Each structure stands twice: as C-alpha cells, then as structure tokens.
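Asker: After the structure tokens below, expect a handful of questions from me.
Residue numbers (this note's numbering): 44 to 351.
Laid out in structure tokens, this is it:
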C-alpha cells in the first residue's frame with residue numbers, strides 16, 4: 044500500500060509548482076493581448092488603405108451623380124395656353140356646336156344662349172333712343188326761336204339760357220339711350236362663346252336646354268387648349284440652378300422620342316419650405332400627331348428634360 048506524503052507549506056517543491064502556474068497564466072494573457080491588438084489595427088487601417096487604393100473610382104462616382112442632377116430634371120407636360128370659357132350672363136343654352144376633342148379655329152362659335160331675351164333688350168334700347176329724336180329736333184327749333192326773340196329784345200337772357208339747358212338735357216338723354224343700346228348689344232354678343240384661338244376642345248360640360256348662371260360655383264362649360272406650343276414645369280435644385288437660364292436650349296425626352304425646347308422662365312421663389320427647389324418652365328412644339336395615337340407628349344405625361 045502506497046503512502047501519501049504530506050509536505051509543509053514552505054517546502055521547495057510547492058514553491059516551484061506555484062511559480063510554474065503563474066508563468067503559464069501570464070503567457071496566455073500575453074497571447075490574448077496580441078490578438079486584440081491585431082484586430083484593432085485591422086479595423087483602423089483597412090478602410091484607409093481601401094480608400095487610398097481606389098480614390099479615383101469613388102471621386103468619379105460622385106462626379107457622375109452630381110453631373111446628372113444638374114443637367115437633367117423631370118417634369119410633367121402642360122398647356123402653355125389654355126382657356127376656360129364662361130358666359131358673362133345667365134341664360135338657357137340653345138346651341139352646342141362642338142364635341143370633346145374637336146379642333147376649332149379662332150373665332151369659331153362653340154356655345155350660344157337663347158338669343159330671344161337679348162334681342163328684346165336690344166330692341167327696347169333702340170326704341171328708347173329713337174323716341175328722343177323728335178324731342179331733340181323740337182328742342183333745337185325752340186332754341187332758335189329763343190335766340191331770335193332775344194336778339195329782338197323780346198325775352199330776357201335768362202329765358203334764352205333755359206332753352207339752352209332744355210336742349211342739353213335732351214342730348215344727354217340721347218347719349219344715355221345710345222349707351223344703353225350699346226350695352227344691350229354687348230350682352231347679346233356675349234351670349235355666344237367663340238374660340239379665342241385655334242385649339243382643341245378639352246372640356247365640354249354643356250347640353251342644349253341647360254340653364255347657365257355665372258354666379259353659381261360650377262366649372263366652365265367649355266375649355267380649349269392650344270396644341271401648337273406645350274410646356275414642362277420643372278423643379279430645379281439649388282445645385283442645378285447655375286447651369287440653367289432663360290433661353291437655354293434643352294431636349295425633352297419621352298417614350299423614346301425627343302424634341303427640342305427652350306427655357307422660358309425660372310422662378311425666383313422656392314417651391315418648398317426648405318428653399319431647395321425653384322420652378323422652371325420649358326416650352327416646346329410637340330411632334331406631328333399630337334392628340335392622336337402618339338401618347339409620348341400628352342398633357343400630364345412625365346418627361347425628362349436635359350441640357351444640351
């Protein structure tokens with residue numbers, strides 16, 4: 044049977060064992076410290092090395108993005124000239140001569156109210172004017188007689204003056220009646236809506252027999268747009284503004300088709316609360332076939348505008 048030997052705490056072998064354990068623990072800690080230091084250096088140096096190795100590529104990407112944002116912008120096609128037409132007075136619609144999408148010439152009749160009440164007003168005003176003719180003729184003869192009597196000292200200067208006043212009043216009434224006749228004629232002329240320019244009917248909300256009242260908050264019964272010149276409204280960023288100016292030639296692209304246009308206006312007031320974007324308007328003539336099967340530049344279509 045093997046006997047176990049108990050050594051005192053200050054025995055040399057026990058001291059040697061403790062020193063060996065302490066030495067092994069210190070080596071492990073040193074190895075862990077080296078690994079942590081290597082990870083730290085890799086995290087700090089590697090990104091800088093990558094940036095130093097590919098600086099041109101990063102700068103080129105930034106330059107390309109900035110160039111695209113300052114030389115191109117997107118907007119929607121709109122009418123340059125559009126007119127919503129209303130009657131100036133109330134009445135019953137008696138004529139509807141166009142349909143939605145029709146092309147019209149300048150001065151062409153579009154809608155007309157019942158002319159009967161307007162004709163009656165003209166007739167009444169003309170009658171009032173005609174009624175004053177004999178009165179004025181009599182007033183002129185009366186003034187001639189008064190002048191003759193005054194020269195023969197048969198009437199006073201006051202009586203001659205009264206004759207002149209009477210004739211002046213009659214002539215004032217005549218001028219007033221003539222103005223009433225002209226107003227009645229204007230009302231009759233305005234009972235007919237005519238196209239102010241050549242264009243396309245883009246709204247028609249009127250039918251024969253309907254009553255129109257300009258005081259009611261209703262949409263205009265008819266509207267036309269001019270297809271000869273269209274617009275694109277663009278939001279330009281503050282970084283893009285220096286390269287854009289009035290009169291600048293640009294290219295508008297949509298649906299694989301491009302046309303040339305010009306900047307007509309650049310606003311001086313920002314369109315947003317941060318002051319980052321400013322409005323610009325570009326005008327262009329649409330390609331042949333606008334309004335037909337070709338939908339590239341229809342109103343409301345999103346298009347791209349590029350600086351030449």
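We treat Cβ as the ideally placed atom computed from N, Cα and C, and that holds for glycine.
On a predicted model such as this, the values are computed, not experimentally measured, just so you know.
Suppose you measure from the CA of residue 118 to the CA of residue 261; what does that come to, to the nearest Å?
Answerer: Translated into the one-based positions of the chain shown, residue 118 becomes position 75. Translated into the one-based positions of the chain shown, residue 261 becomes position 218. Those two C-alpha atoms are separated by around 30 angstroms.
Asker: Could you tell me whether the Cβ atoms of residue 342 and residue 121 are closer together than 8 angstroms?
Answerer: The residue given as residue 342 occupies position 299 in the chain shown. The residue given as residue 121 occupies position 78 in the chain shown. Yes, the Cβ-Cβ distance between residue 342 and residue 121 is below 8 angstroms.
Asker: DSSP three-state call for residue 182: helix, strand or coil?
Answerer: Locating residue 182 in the chain shown gives position 139, where the first residue counts as 1. Reduced to three states, the DSSP call for residue 182 is helix.
Asker: Quick one: Cα of residue 281 to Cα of residue 312, how far?
Answerer: Here residue 281 refers to the residue found at position 238 of the chain shown. Here residue 312 refers to the residue found at position 269 of the chain shown. Going from the Cα of residue 281 to the Cα of residue 312 covers about 12 angstroms.
Asker: Using the Cβ count rule (16 or more neighbours within 10 Å means buried), how would you classify residue 208?
Answerer: Taking the first residue of the chain shown as 1, we reach residue 208 at position 165. It is exposed - the Cβ of residue 208 has fewer than 16 other Cβ atoms within 10 Å.
Asker: Is residue 344 helix, strand or coil by DSSP?
Answerer: As a first step, residue 344 is located in the chain shown; it is residue number 301 there, counting from the start. Note: residue 344 maps to coil in three-state DSSP.
Asker: What does residue 280 pair with, by DSSP beta-bridge criteria?
Answerer: Your numbering for residue 280 matches position 237 in the chain shown. Partner(s): 320.
Asker: Do you know how far the Cα of residue 276 is from the Cα of residue 308?
Answerer: Working through the chain shown from its first residue, we reach residue 308 at position 265. Working through the chain shown from its first residue, we reach residue 276 at position 233. Cα-Cα distance, rounded: 10 angstroms.
Asker: For residue 293 and residue 350, which I take to be in contact (beta-carbon distance under 8 angstroms), what is that distance rounded to the nearest angstrom?
Answerer: As a first step, residue 293 must be located in the chain shown, where it is residue number 250. As a first step, residue 350 must be located in the chain shown, where it is residue number 307. That belief holds up - the Cβ atoms of residue 293 and residue 350 are roughly 6 angstroms apart, short of 8 angstroms.
Asker: Along the chain, where does the beta strand (DSSP E) containing residue 305 start, and where does it finish?
Answerer: Within the chain shown, the letter at position 262 stands for residue 305. Segment 300-309, the beta strand (DSSP E) holding residue 305.
Asker: Quick check: the Cα distance between residue 273 and residue 124, rounded to an integer number of angstroms?
Answerer: Along the chain shown, one-based indexing puts residue 273 at 230. Along the chain shown, one-based indexing puts residue 124 at 81. Those two C-alpha atoms are separated by around 8 angstroms.
Asker: Look at the Cβ atom of residue 171, then the Cβ atom of residue 223, and state whether they are nearer than 8 angstroms.
Answerer: Counted from its first residue, the chain shown places residue 171 at position 128. Counted from its first residue, the chain shown places residue 223 at position 180. A contact, by the Cβ cut-off of 8 angstroms.
Asker: Classify residue 215: buried if its beta carbon has 16 or more other beta carbons within 10 angstroms, exposed otherwise.
Answerer: By one-based count along the chain shown, residue 215 stands at place 172. It is exposed - the Cβ of residue 215 has fewer than 16 other Cβ atoms within 10 Å.
Asker: Whose C-beta lies closer than 6 angstroms to the C-beta of residue 352 among residues of the same chain, with five residues either side of it excluded?
Answerer: Only positions 44 to 351 of the chain appear in the structure, and residue 352 is not among them; the question remains open.
Asker: On the premise that residue 324 lies in contact with residue 295, defined as a C-beta separation below 8 angstroms, what is that separation, rounded to the nearest angstrom?
Answerer: Here residue 295 refers to the residue found at position 252 when the chain shown is read from its first residue. Here residue 324 refers to the residue found at position 281 when the chain shown is read from its first residue. Contact doesn't hold; Cβ gap of about 12 angstroms is too wide.
Asker: Measure the alpha-carbon distance for residue 202 versus residue 217 and round it to whole angstroms.
Answerer: Locating residue 202 in the chain shown gives position 159, where the first residue counts as 1. Locating residue 217 in the chain shown gives position 174, where the first residue counts as 1. Looking at the two C-alpha atoms, the distance is approximately 23 angstroms.
Asker: At a cut-off of 7 angstroms, would you count residue 127 as near the ligand ZN, judging by its Cβ distance to the nearest heavy atom?
Answerer: As presented, the structure is devoid of all ligands, the ligand ZN included, so that no description of it is given.
Asker: Quick check on this structure: which residue in 300, 235 and 245 has the alpha carbon closest to the alpha carbon of residue 158?
Answerer: Here residue 158 refers to the residue found at position 115 when the chain shown is read from its first residue. Nearest of 300, 235 and 245 to residue 158, Cα basis: 235.
Asker: Tell me whether residue 225 sits in a helix, a strand or coil according to DSSP, three-state version.
Answerer: Numbered from 1 along the chain shown, position 182 holds the residue referred to as residue 225. Three-state DSSP puts residue 225 in a helix.
Asker: Less than 8 angstroms between the CB atoms is what I'm expecting for residue 143 and residue 266, so what's the real figure, rounded?
Answerer: Against the chain shown, residue 143 aligns to sequence position 100. Against the chain shown, residue 266 aligns to sequence position 223. Their Cβ separation, rounded to whole angstroms, is 10 angstroms, which puts residue 143 and residue 266 out of contact at 8 angstroms.
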